[in-house]
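**Q** Chains as they are written, first to last, in this note's numbering: chain U, 1 to 427; chain D, 428 to 750.
C-beta atoms are modelled at their ideal positions from N, C-alpha and C, and glycine is treated no differently.
1) Among the residues of its own chain, which have a CB less than 7 Å from the CB of residue 398(U), if the five just before and after it don't count?
2) Run through chain U and tell me which residues come within less than 7 Å of residue 621(D), C-beta to C-beta.
3) According to DSSP, residue 146(U) sits in a beta bridge with which residue or residues?
4) Taking C-beta to C-beta, are residue 440(U) and residue 206(U) nearer than 8 Å?
5) List the residues of chain D that residue 393(U) touches, going by C-beta distances under 7 Å, in chain order.
6) Suppose contacts are defined by Cβ-Cβ distances below 8 Å. Is residue 529(D) in contact with residue 695(D) by that definition?
7) Is it true that the CB of residue 238(U) sits closer than 8 Å to the CB of residue 86(U)?
8) Are the CB atoms of residue 526(D) and residue 509(D) within a distance shorter than 8 Å?
9) Please list, in chain order, all residues of the same chain as residue 721(D) whose beta carbon is under 7 Å from its beta carbon, the five residues on each side excluded.
10) Excluding sequence positions up to five away, which residues of its chain have a Cβ less than 6 Å from the Cβ of residue 157(U)?
11) Using a Cβ-Cβ distance under 8 Å, would residue 381(U) count as near chain D?
12) Could I get the ranges of all uninterrupted alpha helix (DSSP H) runs contained in the stretch 638-692 of chain D, with 4 residues as the minimum, in chain order?
13) Roughly how far, in whole angstroms, is the beta-carbon of residue 358(U) from the beta-carbon of residue 83(U), given that I think they are within contact range, below 8 Å?
14) In the DSSP assignment, find the beta strand (DSSP E) that holds residue 593(D) and state where it starts and stops.
15) So, under 8 Å CB-CB, residue 330(U) and residue 274(U) are touching, yes? Tell me the CB distance rounded to an integer number of Å.
16) Residue 674(D) and residue 688(D) - do their beta-carbons sit closer together than 8 Å?
17) Over what stretch of residues does the beta strand (DSSP E) that includes residue 574(D) continue unbroken?
18) Helix, strand or coil: how does DSSP classify residue 366(U) here?
19) For a contact defined as C-beta to C-beta under 7 Å, what are the partners of residue 598(D) on chain U?
20) Work out the CA separation of residue 619(D) and residue 155(U) for me, nearest whole Å.
21) Tell me, please, whether the CB atom of residue 733(D) is closer than 8 Å to any CB atom in chain U?
22) By the 10 Å Cβ neighbour count, where 16 or more other Cβ atoms means buried, how is residue 684(D) classified, buried or exposed?
23) Say whether chain D places a C-beta atom closer than 8 Å to the C-beta of residue 19(U).
24) Which bits of chain D does residue 153(U) rub up against, with CB to CB less than 9 Å?
25) So is the beta-carbon of residue 673(D) under 7 Å away from any non-hydrogen atom of the ligand MN?
26) Give me the subset of the stretch 63-77 of chain U whose CB atoms are less than 9 Å from a CB atom of chain D, sorted by chain position.
27) Going by DSSP, which residues form a beta bridge with residue 539(D)?
28) Under 8 Å, Cβ to Cβ, is there at least one residue of chain D near residue 371(U)?
29) Is residue 413(U) closer than 8 Å to residue 178(U) when the C-beta atoms are compared?
30) How many Å lie between residue 198(U) and residue 165(U) at the Cα?
31) Assign residue 623(D) to one of three DSSP states: helix, strand, or coil.
32) Verify whether the separation of the beta carbon atoms of residue 324(U) and residue 278(U) is less than 8 Å.
33) Would you check if the distance between the CB atom of residue 352(U) and the CB atom of residue 322(U) is smaller than 8 Å?
34) DSSP beta-bridge partners for residue 525(D)?
35) Per the contact definition of three or more C-beta pairs closer than 8 Å, is the stretch 395-411 of chain U in contact with the stretch 71-79 of chain U?
36) Got a sec: is the Cβ-Cβ distance from residue 754(D) to anything in chain U below 8 Å?
What follows is the structure, given as structure tokens:
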């Protein structure tokens, strides 16, 4: 981008225009970049448009264009929502050591983690909205205008915790970045309370989403106390695994410094979370299969198929194999410390948990349906393309946030007239 | 659903979407979001070139979009709402419908009993239910399921609810399920906008204009009682039941949940639900649980009754018994 040679404004005028300057500089930053950057953003835009087209088909013709039906009334969309809530909450893994335990290894990465949380939350909320039969009636949820069935409905709780978590993850990084932009250190008294709140909040985001399902005795597959803890464990494995991959990519492609110690510590978190996931999986399998009851039919359908219906069987075993293999790799110290092994394990773990949360958590709650009939479910092209569009939107949001944040954190971008880091120019 | 069959249905049927004639426009506007949609319809109503009828329709649809939750409406608002539905139907069809908003009668709590010994699997109840309640013909929506079971066990797991042969089949018996109108309903508890609730007379209803279509209630129901409109529902004009209740068999839209209402349009007027009336064997008994002289109370007193999945604590007001 061409250097902007602005006249240094008068003091009070500068104060007034600090925010607009911040926004303008950020906009300039995200709209400029290499050809590869533009190609990446172009690809994401194309995918978002494809998703919008698929969604328009669904709006016009109704939800019947999805693979869902009266017996599997939640599918691909709600599965993705479930997974993404976990991803969002995993940002806490970076936030907690940095601000609470004063572990500076994570400090550089924390803004990236919060950007990931924002992107994941926007995706999660989008997946719920595209799952609605009447999105134009969303105002029915607004207290005052409509009816917000709080505290009776867990969905009302979920709307609160998701939006609150989004606000927290936008506000704290904004304050930190804006302070740095103005060349001063953020005041802990301002952001530390928000950080503590967001740590509690992250856990609640998880548990509330798990309770959404676990609170339904109608669905024995979901009606288990392990639902919430297992959500936490899988999220704390998949989230930081993606974080490692993203930080590695940022380190390789930008001058942003990511300490090896950060990746090592994250890898340790992923390892322990992966091990806990396997313990919980074993516990769940034992309960479902030691004595086979009617309540275990959902699990039987998932792992072994039921009466010749076995659409999910290959997927779930693939997922289990991936998680086991990834955890094994991570558990062996020399392998975990070798980047190619670490990155492969992270990919395996992330995909394995995506499949497990995506297909293995929601669908078996509906198959068989309450009277035992088996009506299987497979997503249609509409669901897949809408989903792809939403994931592209998430990647787009994350790229924009990271692109704007990195130069500020590097000291390359400062409010006009401020002292710059030595040797850096206004970029 | 192919485009062709859609056209055929369109020609001879009544699409249950209120703005049938502004279909494409509405679809485009819906994409632009609620406010834009509202603005678009308002623009139609202010358009000097639009006919007075289409302007009226646009205005009524605009009002319908912003109407509140039915349960919280005053009597005047309820009347206005059902008049609007009647007028809208008249504006886009040649015929008239009658929509009521009859309230629950004090001292009434409806209950239902099903005689397993008598049911022979004829499915007359299912047919009567569809005709009475204007269910979508395109998806063949049904509220009632009749499960064919082999003698020796009451097992829904091994039952067949899609049998296609002469009934009663030797060695088999039949058990019907539908909404049990639970006294402690798990479905209404989870609704994020209170679009579904239990009326004072015990009927669990849905306000089809308030439902946002999240389908949480469908996940919460242990009895598979709820149905979703996965597309615009269609009822052939000749088969339309024009005697309607706001909370019952009035025309639904795509994207909303519906269910059995014990035929609220009939029961609140003192009649029996269509399934009870249609059953040729007398297997179905309906009545007021608070009236000690009612038939349902006689059954509860004199028969060994049971309910399904009682362990879930939903307290269904639907009992089974044998002779």
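**A** Looking at the atomic coordinates:
1) Numbered from 1 along the first chain, position 398 holds the residue referred to as residue 398(U). Same-chain partners within the cutoff: 115, 116, 119.
2) For this step, residue 621(D) is matched to residue 194 along the second chain. Ordered by position in chain U, the residues that pass the 7 Å Cβ test against residue 621(D) are 147, 149.
3) Locating residue 146(U) in the first chain gives position 146, counting from the first residue. For residue 146(U), which the question treats as bridged, DSSP gives the partners 143(U).
4) Since the first residue shown for chain U is 1 and the last is 427, residue 440(U) is missing from the structure and cannot be characterised.
5) As a working mapping, residue 393(U) is identified with position 393 in the first chain. Residues of chain D passing the Cβ test: none, with the nearest at roughly 16 Å.
6) Within the second chain, the letter at position 102 stands for residue 529(D). Within the second chain, the letter at position 268 stands for residue 695(D). Yes.
7) Your numbering for residue 86(U) matches position 86 in the first chain. Your numbering for residue 238(U) matches position 238 in the first chain. Their beta carbons are under 8 Å apart, which means residue 86(U) touches residue 238(U) by this criterion.
8) Locating residue 509(D) in the second chain gives position 82, counting from the first residue. Locating residue 526(D) in the second chain gives position 99, counting from the first residue. Yes; because the gap between Cβ atoms is below 8 Å, this pair is in contact.
9) Here residue 721(D) corresponds to residue number 294 of the second chain, with the count starting at 1. Only 714, 715 meet the Cβ criterion.
10) By 1-based counting over the first chain, the position of residue 157(U) is 157. The answer, listed in chain order, is 208.
11) Within the first chain, residue 381(U) is the residue found at index 381, counting from 1. No, no contact with chain D.
12) 643-647
13) Here the question's residue 358(U) lines up with position 358 in the first chain. Here the question's residue 83(U) lines up with position 83 in the first chain. Yes, residue 358(U) and residue 83(U) are in contact; Cβ-Cβ is about 6 Å, under 8 Å.
14) Residue 593(D) sits at position 166 when you count from the first residue of the second chain. Unbroken run through residue 593(D): none, as it is neither H nor E.
15) In the first chain, the residue the question calls residue 330(U) occupies position 330. In the first chain, the residue the question calls residue 274(U) occupies position 274. Right, their Cβ atoms sit about 6 Å apart.
16) Position 261 of the second chain, counted from the first residue, corresponds to residue 688(D). Position 247 of the second chain, counted from the first residue, corresponds to residue 674(D). Yes; because the gap between Cβ atoms is below 8 Å, this pair is in contact.
17) Against the second chain, residue 574(D) aligns to sequence position 147. Unbroken beta strand (DSSP E) run through residue 574(D): 572-577.
18) The residue labelled residue 366(U) in the question sits at position 366 within the first chain. Looking at residue 366(U) - three-state DSSP - the assignment turns out to be coil, as it is neither helix nor strand.
19) The residue labelled residue 598(D) in the question sits at position 171 within the second chain. None at all; the shortest Cβ gap to chain U is about 20 Å.
20) Within the first chain, numbered from 1, the residue matching residue 155(U) stands at position 155. Within the second chain, numbered from 1, the residue matching residue 619(D) stands at position 192. Their Cα atoms are separated by approximately 6 Å.
21) Counted from its first residue, the second chain places residue 733(D) at position 306. Judged by the 8 Å Cβ criterion, residue 733(D) is not in contact with chain U.
22) The sequence position of residue 684(D) within the second chain is 257, counting from 1. The residue is buried, with at least 16 neighbouring Cβ atoms inside 10 Å.
23) Mapped onto the first chain, residue 19(U) falls at position 19. Not an interface residue.
24) On the first chain, position 153 is the one that residue 153(U) refers to. Those within 9 Å of residue 153(U) in chain D are 616, 617, 618, 619, 620, 621, 643.
25) The ligand MN is not part of this structure, which contains no ligands at all.
26) 63, 64, 65, 66, 68, 69, 70, 71, 73, 74
27) Taking the second chain and counting its residues from 1, one reaches residue 539(D) at position 112. Answer by DSSP bridge pairing, in chain order: 713(D), 745(D).
28) One-based indexing of the first chain puts residue 371(U) at position 371. So, interface residue.
29) Here residue 178(U) refers to the residue found at position 178 of the first chain. Here residue 413(U) refers to the residue found at position 413 of the first chain. Not closer than 8 Å, so no.
30) As a working mapping, residue 198(U) is identified with position 198 in the first chain. As a working mapping, residue 165(U) is identified with position 165 in the first chain. Those two C-alpha atoms are separated by around 7 Å.
31) For the purposes of this step, residue 623(D) is identified with residue 196 of the second chain, where counting begins at 1. The answer is strand: DSSP assigns residue 623(D) an E or B state.
32) To locate residue 324(U), count along the first chain from 1; it is residue 324. To locate residue 278(U), count along the first chain from 1; it is residue 278. Their beta carbons are under 8 Å apart, which means residue 324(U) touches residue 278(U) by this criterion.
33) Residue numbering aside, residue 352(U) sits at position 352 when the first chain is read from its first letter. Residue numbering aside, residue 322(U) sits at position 322 when the first chain is read from its first letter. Yes, these two residues count as a Cβ contact at 8 Å.
34) Here residue 525(D) refers to the residue found at position 98 of the second chain. Note: residue 525(D) sits in a beta bridge opposite 670(D).
35) no
36) Since the displayed chain D opens at 428 and closes at 750, residue 754(D) lies outside it and no answer follows.
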